[in-house]
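Asker: Residue numbers (the working numbering): 1208 to 1567.
(1) So, at 6 Å on beta carbons, what are the nonlocal neighbours of residue 1498 in its own chain, with the 5 sequence-adjacent residues on each side left out?
(2) Would you list the residues sitting across from residue 1226 in a DSSP beta bridge?
(3) Label residue 1232 either buried or exposed according to how many other C-beta atoms from any shown protein chain fall within 10 Å of its C-beta, with 16 as the threshold for buried.
(4) Can you check which of these residues, 1368, 1345, 1245, 1269, is closest to residue 1291 by C-alpha distance?
(5) What three-state label does DSSP hand residue 1323 in the structure shown?
(6) Here's the rule I'm using: 16 or more other beta-carbon atoms within 10 Å means buried, otherwise exposed. How should residue 1355 be labelled?
(7) Cβ of residue 1556 within 8 Å of Cβ of residue 1533?
(8) Should residue 1494 and residue 1433 be called a contact, given that it needs their Cβ atoms to be closer than 8 Å?
(9) Is it the case that the stretch 1450-1457 contacts the stretch 1395-1408, given that we only count it when at least three CB pairs across the two stretches are under 8 Å?
(10) To the nearest whole angstrom, what separates the beta carbons of residue 1389 and residue 1414, a pair I think is in contact under 8 Å?
(11) For residue 1304, which residues in the same chain have their Cβ closer than 8 Å to its Cβ, ignoring the five residues on either side in sequence?
(12) Might you give, ordered along the chain, the residues of its own chain that have their beta carbon closer than 6 Å to the beta carbon of residue 1566, omitting 5 neighbours on each side?
(13) I need the straight-line Cα distance from residue 1439 to residue 1448, nearest angstrom please.
(14) In its own chain, which residues sit with a C-beta less than 7 Å from the C-beta of residue 1535, not counting the 5 before and 5 after it?
(15) Considering only C-alpha positions, which residue in the set 1212, 1210, 1218 is nearest to residue 1512?
(16) By the three-class DSSP mapping on this structure, what secondary structure does residue 1259 have?
(17) In chain order, what residues of the same chain have a beta carbon less than 8 Å from the beta carbon of residue 1331, not counting five sequence neighbours either side?
(18) Need the endpoints of the beta strand (DSSP E) that residue 1316 sits in, please.
(19) From the DSSP secondary-structure annotation, give me the bridge partner or partners of residue 1356.
(20) Ends of the alpha helix (DSSP H) at residue 1337?
(21) What residue from 1553, 1442, 1431, 1323 has the CA that sits closest to residue 1510's CA?
(22) Can you tell me whether DSSP reads residue 1248 as helix, strand or coil?
(23) At the level of alpha carbons, what is the spacing between residue 1263 and residue 1257?
(24) Following the continuous beta strand (DSSP E) through residue 1399, name the residue where it begins and the one where it ends.
(25) Per the DSSP calculation, residue 1309 is bridged to which residue(s)?
(26) Ignoring anything shorter than 4 residues or poking outside the stretch 1460-1547, list the alpha helix (DSSP H) runs there in chain order.
(27) Mind checking residue 1492: buried by the 16 CB within 10 Å criterion, or exposed?
(28) What are the uninterrupted segments assigned as beta strand (DSSP E) that are 3 or more residues long and contained completely in the stretch 1368-1428, given in chain order?
(29) Would you grab the beta carbon distance between residue 1308 and residue 1287 for me? Rounded to a whole angstrom, and I think it's under 8 Å.
(30) Give the range of the beta strand (DSSP E) segment to which residue 1446 is assigned.
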């Protein structure tokens, strides 16, 4: 195949060919021109989603339901999924040529009765490092901890793990060649996680200026999942009668969430786009997350990069370079100027095959 258009992020008008499922800039005689004059991006990335969690919060009924979730992402231009914890083994989907690539973190790791029932492997601190090693060997280079959750005794968010257990567990993951990320809403769990060497934070709504500065110095990333943060007022209302302190905390975190993202970006913290799709968030909403990052204060191009070339590089996959897998999305308008264009892919190539097209 042959495409001609503006290649991002460089912004140059170039010709690109696909041969044997890979990108080449050497002309391929007889190639069919499938796109001309559009804006070509490396395939989009949802850096925080859950393939295998049903809308109600439990596991999907079967792999067919998980496959539909992945297809919904693909049709939104998302060709790389970072699955941040799933109770379902979805590896059988890896051989499906119609689905995005999935990088898995295995199952969530939480303490007993300190997370959504049925989703996590539940262990106590002395067993944390051992379980992290297990999940590191099962995943695709990531492990997902639950860093904080509601502490029913305190009636508010609270950390799950002591600092020494975190340091041992994160060191164990690194020895296994895996990176570690953690769910966090509040503030109290963050110092221990960051100082233990965690690689990324999910949500991160409780970050302070001091913690942001430490993350920037360490290179710790954050995936804010702002489309999920929009649910915080609902979480507060649902828990207010039984846990008023928790409800107050969630409303405060919601009110400051945009400022936290802006401060992280301005400090040089790597910020990536993830929707938290699965459970209460519909799949295929990456365009909404990119717009939310821009509204929070990221320049348009930075918000776009957070869901495309920058995210792919962070996760170890190439962009539009010689020999790279031909995973790309074409738009008829420049998404650097109009982020709404992301909601309407004109053409999608996955592994060098046309999988969606505005002509179909």
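Using N, Cα and C, we set each Cβ at its ideal position, and we do this for glycine too.
Note that this is a predicted model, so its numbers are computed, not measured.
Answerer: So, from the listed chains and residues:
(1) Residue numbering aside, residue 1498 sits at position 291 when the chain shown is read from its first letter. So the qualifying residues of the chain are 1546.
(2) To locate residue 1226, count along the chain shown from 1; it is residue 19. Per DSSP, 1229.
(3) Indexing the chain shown from 1 puts residue 1232 at position 25. Residue 1232 is exposed by the Cβ-count criterion.
(4) Here the question's residue 1291 lines up with position 84 in the chain shown. Closest option to residue 1291, Cα to Cα, is 1345.
(5) Position 116 of the chain shown, counting from 1, holds the residue named residue 1323. Coil.
(6) Position 148 of the chain shown, counted from the first residue, corresponds to residue 1355. Buried.
(7) Here residue 1556 refers to the residue found at position 349 when the chain shown is read from its first residue. Here residue 1533 refers to the residue found at position 326 when the chain shown is read from its first residue. Cβ atoms of residue 1556 and residue 1533: closer than 8 Å.
(8) Numbered from 1 along the chain shown, position 287 holds the residue referred to as residue 1494. Numbered from 1 along the chain shown, position 226 holds the residue referred to as residue 1433. No, they are not a contact pair.
(9) no
(10) For the purposes of this step, residue 1389 is taken as residue 182 along the chain shown, with counting starting at 1. For the purposes of this step, residue 1414 is taken as residue 207 along the chain shown, with counting starting at 1. In fact, because the Cβ distance is near 13 Å, the residues do not count as touching under 8 Å.
(11) Counting from 1 along the chain shown, the entry for residue 1304 is found at position 97. Closer than 8 Å at the Cβ level, and outside the excluded window around residue 1304, lie 1557, 1558, 1560.
(12) Here residue 1566 corresponds to residue number 359 of the chain shown, with the count starting at 1. Any reading at residue 1566 must be qualified, since the residue scores a pLDDT of 41, below 50, and its modelled position is unreliable; the value itself is stated next. Taken in chain order, the list of residues that qualify is empty.
(13) Counting from 1 along the chain shown, the entry for residue 1439 is found at position 232. Counting from 1 along the chain shown, the entry for residue 1448 is found at position 241. Answer to the nearest angstrom: the Cα atoms are 15 Å apart.
(14) On the chain shown, residue 1535 is found 328 positions in, with the first residue counted as 1. Excluding sequence neighbours, residue 1535 sits near 1247, 1248, 1249, 1250, 1527, 1556.
(15) Within the chain shown, numbered from 1, the residue matching residue 1512 stands at position 305. Among 1212, 1210, 1218, the Cα nearest to that of residue 1512 belongs to 1218.
(16) The residue given as residue 1259 occupies position 52 in the chain shown. Three-state DSSP puts residue 1259 in coil, outside helix and strand.
(17) Sequence index remark: in the chain shown, residue 1331 carries index 124 (1-based). For residue 1331, where only same-chain residues beyond five positions count, the Cβ hits under 8 Å are 1318, 1319.
(18) Working through the chain shown from its first residue, we reach residue 1316 at position 109. Taken as a continuous stretch (DSSP letters only), the beta strand (DSSP E) holding residue 1316 covers 1315-1317.
(19) Within the chain shown, residue 1356 is the residue found at index 149, counting from 1. In the DSSP output, where bridge partners are listed per residue, residue 1356 has 1365.
(20) Stepping through the chain shown from its first residue, residue 1337 is reached at position 130. Run containing residue 1337: 1335-1345, per the alpha helix (DSSP H) assignment.
(21) Position 303 of the chain shown, counting from 1, holds the residue named residue 1510. When only C-alpha atoms are compared, the closest one is 1431.
(22) Reading the chain shown from its first residue, position 41 is the one you call residue 1248. Reduced to three states, the DSSP call for residue 1248 is strand.
(23) As a working note, residue 1263 is residue 56 in the chain shown. As a working note, residue 1257 is residue 50 in the chain shown. Going by the C-alpha atoms only, they are around 13 Å apart.
(24) Position 192 of the chain shown, counted from the start, is the residue given in the question as residue 1399. No beta strand (DSSP E) contains residue 1399, which is instead part of the alpha helix (DSSP H) from 1397-1402.
(25) Sequence index remark: in the chain shown, residue 1309 carries index 102 (1-based). Per DSSP, 1288.
(26) Entirely contained in the stretch 1460-1547, the alpha helix (DSSP H) runs reaching 4 residues are, in chain order, 1493-1503, 1507-1512, 1516-1521.
(27) If you number the chain shown from 1, residue 1492 lands on position 285. That one is buried.
(28) Those beta strand (DSSP E) runs which fall completely within the stretch 1368-1428 and span 3+ residues are 1386-1391, 1407-1410.
(29) Numbered from 1 along the chain shown, position 101 holds the residue referred to as residue 1308. Numbered from 1 along the chain shown, position 80 holds the residue referred to as residue 1287. At roughly 5 Å, the Cβ-Cβ gap stays under 8 Å, so residue 1308 and residue 1287 are in contact.
(30) One-based indexing of the chain shown puts residue 1446 at position 239. Careful: residue 1446 lies outside any beta strand (DSSP E), inside the alpha helix (DSSP H) at 1439-1446.
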